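Protein sequence lines correspond, in order, to chains L and U. Our numbering numbers the first residue of the first sequence as 15 and each following residue consecutively. Our numbering numbers the first residue of the second sequence as 1011 and each following residue consecutively. Backbone N, C-alpha and C fix where the C-beta goes; we use that ideal spot for every residue, glycine too. As the structure is a computational prediction, the values presented were derived from the model and not from experiment.
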Amino acid sequence: GAVVSQHPSWVICKSGTSVKIECRSLDFQATTMFWYRQFPKQSLMLMATSNEGSKATYEQGVEKDKFLINHASLTLSTLTVTSAHPEDSSFYICSALSGSGYEQYFGPGTRLTVT
Amino acid sequence: DAKTTQPTSMDCAEGRAANLPCNHSTISGNEYVYWYRQIHSQGPQYIIHGLKNNETNEMASLIITEDRKSSTLILPHATLRDTAVYYCIVRVSNTGNQFYFGTGTSLTVIP
């Protein structure tokens, strides 16, 4: 299947700082990517839909000014957690929609810890 | 919101078939059923998907009831590496193909 990578795989940052997470589709072009957050022992929660060349669509309750999403190319979407707080510590996972629109390929996830 | 309900956990003996049920009674006519699994601290892995007909691939089989209100994922010969959380997802097709994950079933394969 198609490959999606995330960078970094884990990151530790201090409260008040910002951190950027990259999501790349390595062997296909993805006009649509998704960002999820997963807390320990919980399911994945969809945060936003990222469309290449346009503004992201955020799910209800997700602060768009805190979680900045940029999808500047067909193979790269970035999520920036601004002014991070300890409660933002979580596992962030991205996925990329295949050209057919039928499959979502998931990245390996990024573990964010805010101290 | 997730449109599926699954049992919280299941056990299966190694080498036996694992049958994971999923209820999706409010599914619409053009919505697909997808199954993914997640091994601890990794991204979800695609298993199979279907619309109306039963589907089979090298990993599993998907049985969808005629009324499409429920489905069953079958792992024909479970191994210890199949221990994972299995998610049944109904794909939202009219607003952008989003996946809304439910709680999933934690499958433990026992030696």
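Just to confirm the assignment, what range does the beta strand (DSSP E) spanning L/THR46 have?
Counting from one through the first sequence, the residue named residue 46 of chain L turns up at place 32. Counting along the chain, the unbroken beta strand (DSSP E) around L/THR46 starts and ends at 46 to 52.
Is there contact between the segment 1104 to 1113 of chain U and the segment 1065 to 1077 of chain U, where contact requires at least three CB pairs shorter than 8 Å?
No, because fewer than three Cβ pairs between the segment 1104 to 1113 of chain U and the segment 1065 to 1077 of chain U fall closer than 8 Å, the two stretches do not touch.
Just verifying my parser: in three-state terms, what is the DSSP assignment at L/ASP79?
Along the first sequence, read from residue 1 onward, the residue named residue 79 of chain L stands at position 65. DSSP, read as helix, strand or coil, puts L/ASP79 in coil.
Are any of the Cβ atoms in chain L nearer than 8 Å to that of U/GLN1108?
Mapped onto the second sequence, residue 1108 of chain U falls at position 98. The Cβ of U/GLN1108 sits closer than 8 Å to at least one Cβ of chain L.
So if I threshold CB-CB distances at 9 Å, which residues from the segment 52 to 86 of chain L count as touching chain U?
Residues are counted here when their Cβ sits less than 9 Å from a Cβ of chain U; for the segment 52 to 86 of chain L these are GLN52, GLN56, SER57, LEU58, MET59, LEU60, THR63, ASN65, THR71, GLU73, given in chain order.
Counting only Cβ pairs nearer than 9 Å, list the residues of chain L close to U/HIS1059.
Along the second sequence, one-based indexing puts residue 1059 of chain U at 49. Within 9 Å of the CB of U/HIS1059, the CB atoms of chain L belong to TYR116, GLU117, in sequence order along the chain.
Whole angstroms are fine: how far does the CA of U/THR1018 sit from the CA of U/SER1116?
Reading the second sequence from its first residue, position 106 is the one you call residue 1116 of chain U. Reading the second sequence from its first residue, position 8 is the one you call residue 1018 of chain U. Taking the straight line joining both Cα atoms gives about 6 Å.
To which residues of the same chain is L/GLN118 closer than 8 Å at the C-beta, ignoring the five residues directly before and after it?
As a working note, residue 118 of chain L is residue 104 in the first sequence. Taken in chain order, the residues that qualify are PHE48, SER109, ALA110, LEU111, SER112.
I want to verify the contact list: residues of chain L whose CB lies under 8 Å from the CB of U/GLN1052, in sequence order.
Residue 1052 of chain U sits at position 42 when you count from the first residue of the second sequence. Residues of chain L passing the Cβ test: PRO122, GLY123.
Cα-Cα separation between U/GLU1024 and U/HIS1034, rounded to whole angstroms:
For the purposes of this step, residue 1024 of chain U is taken as residue 14 along the second sequence, with counting starting at 1. For the purposes of this step, residue 1034 of chain U is taken as residue 24 along the second sequence, with counting starting at 1. Going by the C-alpha atoms only, they are around 28 Å apart.
Counting only beta-carbon separations shorter than 8 Å, does L/LEU111 have a partner in chain U?
Counting from 1 along the first sequence, the entry for residue 111 of chain L is found at position 97. Yes - at least one Cβ of chain U is within 8 Å of the one on L/LEU111.
Beta-carbon proximity list for L/TYR72, same chain, < 6 Å, skipping 5 on both sides
By one-based count along the first sequence, residue 72 of chain L stands at place 58. ALA62, LYS78.
Less than 8 Å between the CB atoms is what I'm expecting for U/ASN1029 and U/ILE1084, so what's the real figure, rounded?
Numbered from its first residue, the second sequence carries residue 1029 of chain U at position 19. Numbered from its first residue, the second sequence carries residue 1084 of chain U at position 74. Contact between U/ASN1029 and U/ILE1084 holds: CB atoms are separated by about 5 Å, below the 8 Å threshold.
Mind pulling the chain U residues with CB within less than 7 Å of L/ILE107?
As a position in the first sequence, residue 107 of chain L is number 93, starting the count at 1. Contact of L/ILE107 with chain U by beta-carbon distance below 7 Å involves GLY1053.
Going along chain L in order, which residues have a C-beta closer than 7 Å to the C-beta of U/THR1113?
Residue mapping note: residue 1113 of chain U aligns to position 103 of the second sequence, counting from 1. Below the 7 Å Cβ cutoff, chain L contributes SER57 as neighbours of U/THR1113, in chain order.
For L/ASP41, count the other beta carbons within 10 Å of its own beta carbon; 16 or more makes it buried, fewer makes it exposed. Which is it?
Here residue 41 of chain L refers to the residue found at position 27 when the first sequence is read from its first residue. Its Cβ having fewer than 16 others within 10 Å, L/ASP41 is exposed.
Interfacial residues, the segment 30 to 55 of chain L to chain U, with Cβ spacing under 9 Å:
Within the segment 30 to 55 of chain L, the qualifying residues are THR46, PHE48, TYR50, GLN52.
What does U/TYR1056 touch in chain L if you count any residue whose Cβ is under 9 Å from its own?
On the second sequence, position 46 is the one that residue 1056 of chain U refers to. Listed along chain L, the residues sitting closer than 9 Å to U/TYR1056 by beta-carbon distance are GLY15, GLU117, GLN118, TYR119, PHE120.
Between L/ILE83, L/TYR50, L/THR129, which lies nearest to L/ALA98 when the distance is taken from Cα to Cα?
As a first step, residue 98 of chain L must be located in the first sequence, where it is residue number 84. Comparing C-alpha distances from L/ALA98 to each of L/ILE83, L/TYR50, L/THR129 shows the shortest one belongs to L/THR129.
May I ask you to list the residues that DSSP assigns as paired with U/ASN1067?
In the second sequence, residue 1067 of chain U corresponds to position 57, counting from 1. Checking the DSSP bridge columns, you'll see U/ASN1067 has no partner listed.
Distance, Cα to Cα, U/VAL1043 vs L/LYS28?
Counted from its first residue, the second sequence places residue 1043 of chain U at position 33. Counted from its first residue, the first sequence places residue 28 of chain L at position 14. Each residue's alpha carbon lies about 41 Å from the other.
Just confirm the distance between the C-beta atoms of L/SER64 and L/SER91, as a whole number of angstroms; I'd bet it's less than 8 Å.
If you number the first sequence from 1, residue 64 of chain L lands on position 50. If you number the first sequence from 1, residue 91 of chain L lands on position 77. Sure, about 5 Å apart at Cβ, within 8 Å.
Inspect the beta-carbon positions of L/SER104 and L/ARG51 and report whether they are closer than 8 Å.
As a first step, residue 104 of chain L is located in the first sequence; it is residue number 90 there, counting from the start. As a first step, residue 51 of chain L is located in the first sequence; it is residue number 37 there, counting from the start. Judged by beta-carbon spacing, L/ARG51 lies within the 8 Å limit of L/SER104, meaning their Cβ atoms are closer than that value.
Which residue comes first and which comes last in the beta strand (DSSP E) that contains U/VAL1102?
Here residue 1102 of chain U refers to the residue found at position 92 when the second sequence is read from its first residue. Taken as a continuous stretch (DSSP letters only), U/VAL1102 belongs to no beta strand (DSSP E), as it is neither H nor E.
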